[in-house]
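UniProt numbering applies: residue 1 is where the sequence shown begins, and numbers increase by one. All C-beta atoms in this analysis are idealised placements derived from N, C-alpha and C, irrespective of residue type, glycine included. Quick caveat, the model's predicted, so the values are computed rather than measured. A short worksheet on the structure shown next.
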Amino acid sequence: MTDNAAAKDRFGGLTALARPLLADLGRLATGRGGPAAGPLNIEDVRALARRRSCALPFSYVDSAAEDFTTHRANLRSFEELTLRPNLLTDVRERDRSVELFGRTLASPVLLAPTGMPGIQHRDAEFAGAGAAHAAGTVFTVSMASSHSVTAIAEKCPGPLWFQLYPWGNADDFTPYVELAARAGCEALVVTLDTPVGGNREADRRTGFTMPPHVSRENIGEVVRHPVRFGRWIRTLATGPGIRMGNIAETGATGGMNAVHQATRFEAKFVPGFSADELALVRRMWDGPLLVKGITTAEQARRARAAGVDGVIVSNHGGRQLDGLPAAIRALPEVADALDGTDVEVLLDGGVRRGTDILKALALGAKAVMLGRPWVWGLAAGGREGVDTVLRILNTEVERDMALMGIRTLSELGRHNVNVPAAWAYATPGGN
Ligand SMILES: Cc1cc2nc3c(=O)[nH]c(=O)nc-3n(C[C@H](O)[C@H](O)[C@H](O)COP(=O)(O)O)c2cc1C
């Protein structure tokens, strides 16, 4: 190459580099963002939700019981597992669908029940269920949902599941089972880990209790961020706010205002839901029945004996009994206890990455559920925010499948994960 040609080549290379950088500068200057303007991962979505929300509803989602030990463990334990790929495999075609209770879902990522999303965004479950439908997956309507399951089913084609709290009295929970059936919910999830509310001191400090209280934190938030606070009050005023749609619809609290409904709801937590009540629910519900909150082999076997079709390994995102093991750590024990049966195993708690999902599936889960992440998406950007959360995780799953050398999720097994020796468990009574 002559000196002249080399100089021209260098110049051309520099121009090719500079052009996109200048375009980025232009986008930044005009407020239209740079190449990484949108959230790249779930932690980014959380950060965006934090920036856009009032601290009060945000801290309610972030909250966990007592010292946050179990919540932290949920997140950290995924990091203790390392992956064992299967390279030298043709992975041009990859399929991330899963079969669950006779239905094919396009993704192993389902949305977990979370109460009162109306305090984050007026669209609440309409955004969550709409995004889940678009992504070909399940949205689970909490019994403490903001919009009623009937209204959600009218707007969103599903598939929808319904979550039931274990209120001790059959007269109290029966209307909700009937409501879910009338709305066409495909599965019923009974949450077992809430005989009483968890000790969420963080919520007491922020005054985020039912009824709400004035606290140093919430007064401080009003003073420090009046605009955010004003926006939040508008959200509460224009959407369902703290109203609980199912409670209003069953007529259990007819005529009561939203605060009274919510307070009454909390009072219904009577620690009386036993195997007899679960057997009653089993008789009432024809479709798939799951129990949520399973963390040991013994509980898994009891659930199976009660005739459930699925268990969700979960510690309620660390919001109930602090001191439970991380969900992913409890998973192998539960999966072993149910091995060879037709009971499906799901997991929630701390799932934030595609690799977390593959690790859970490798250790015996059929699918995972997201709690906080979908609510952060909702708070950050309504329906678009929840779409973003599902898109990020599904894209990560697809990429990670290629990196792991697998074409379908059913190829995953224990051979794909290094489990630390300290994770060995001893099941009382053997297995
Ligand atoms: C704001 C919030 C509300 C929740 N409400 C419910 C609920 O109504 N019913 C229920 O079974 N679980 C509820 N959960 C627990 C979730 O279903 C799920 O078990 C947990 O959030 C999973 O952990 P993750 O947040 O780390 O994904 C809630 C969790 C959060 C964060």
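>> Taking the alpha-carbon of LEU370 as reference, which of VAL313, ALA153, SER146 has the nearest alpha-carbon?
In response: VAL313
> What is the rounded straight-line gap between the Cα of VAL368 and the Cα of ALA202?
Replying inline: 27 Å
> For TRP423, which residues from the same chain have a beta carbon less than 8 Å from its beta carbon, with the 5 sequence-adjacent residues on both sides left out?
Replying inline: GLU80, ARG329, PRO332
> Would you call the CB atoms of GLU178 and PRO159 closer than 8 Å?
Replying inline: no
>> Rounded to whole angstroms, what is the Cα-Cα separation between ALA303 and VAL291?
In response: 7 Å
> Can you name, in chain order, every residue of its own chain whose Cβ lies under 7 Å from the Cβ of LYS155, other than the five neighbours on each side?
Replying inline: PHE126
> From ARG283, ALA18, ASN86, pick the residue whose C-alpha is nearest to that of ASP400; which is it?
Replying inline: ASN86
> Within the chosen definition, does the stretch 219-227 reach the stretch 340-358 through at least 3 CB pairs nearer than 8 Å?
Replying inline: no
>> Classify ALA7: buried if its beta carbon has 16 or more other beta carbons within 10 angstroms, exposed otherwise.
In response: exposed
>> Buried or exposed, going by whether 16 or more other CB atoms sit within 10 Å of the CB of residue 453?
In response: Outside the displayed span of the chain (1 to 431) sits residue 453, for which this structure offers no information.
>> Please tell me whether, using a cut-off of 7 Å, the distance from the CB of LEU290 to the nearest non-hydrogen atom of ligand 1 is below it.
In response: no
> Among GLY413, ARG92, LEU40, which has the Cα closest to the Cα of LEU83?
Replying inline: GLY413
> Rounded C-beta distance between TRP376 and GLY128? I'm assuming under 8 Å.
Replying inline: Rounded, the Cβ-Cβ distance is 12 Å, inconsistent with contact.
>> In whole angstroms, give me the CA-to-CA distance for ALA426 and ALA326.
In response: 16 Å
>> Rounded to whole angstroms, what is the Cα-Cα separation between ALA5 and PHE11?
In response: 10 Å
>> What I want to know is whether the C-beta of GLN299 ends up closer than 7 Å to one or more non-hydrogen atoms of ligand 1.
In response: no
> Is any heavy atom in ligand 1 found nearer than 7 Å to the beta carbon of ASN199?
Replying inline: no
> Can you name, in chain order, every residue of its own chain whose Cβ lies under 7 Å from the Cβ of PHE265, other than the five neighbours on each side?
Replying inline: ALA144, MET244, ILE247
>> Distance check for ASN416 and ARG383, CA to CA, integer angstroms please.
In response: 35 Å
> In three-state terms, what does DSSP make of ILE312?
Replying inline: strand
> Once you ignore the five residues that flank ASN431 on each side, which residues in its own chain have a CB closer than 8 Å to its CB?
Replying inline: Residue placement at ASN431 is poorly supported in this model, since its pLDDT is 43, which falls under 50; the coordinates still yield a value, given next. Result list for ASN431: ALA297, ASP336, ALA337, in chain order.
>> Pop quiz: ALA306 and ALA275 are said to be a contact at Cβ under 8 Å. What is the actual Cβ separation, rounded to whole angstroms?
In response: 6 Å
> Does the Cβ of LEU21 have 16 or more other Cβ atoms within 10 Å, making it buried, or fewer, making it exposed?
Replying inline: exposed
> For ligand 1, is there a heavy atom less than 7 Å away from the beta-carbon of GLY115?
Replying inline: yes
>> Between which residues of its own chain and ARG200 is the CB-CB distance below 6 Å, once the five residues before and five after are set aside?
In response: SER63, ALA65
>> Quick check on DSSP: helix, strand or coil for ILE233?
In response: helix
> Are the Cβ atoms of PRO240 and GLY323 separated by less than 8 Å?
Replying inline: no
>> Going by beta-carbon coordinates alone, are ALA267 and ARG52 separated by less than 8 Å?
In response: no
> Which residues in the same chain have their Cβ closer than 8 Å to the Cβ of GLY405, if we skip the five residues on either side of it in sequence?
Replying inline: PRO85, ASN86, LEU87, LEU88, THR89, VAL91
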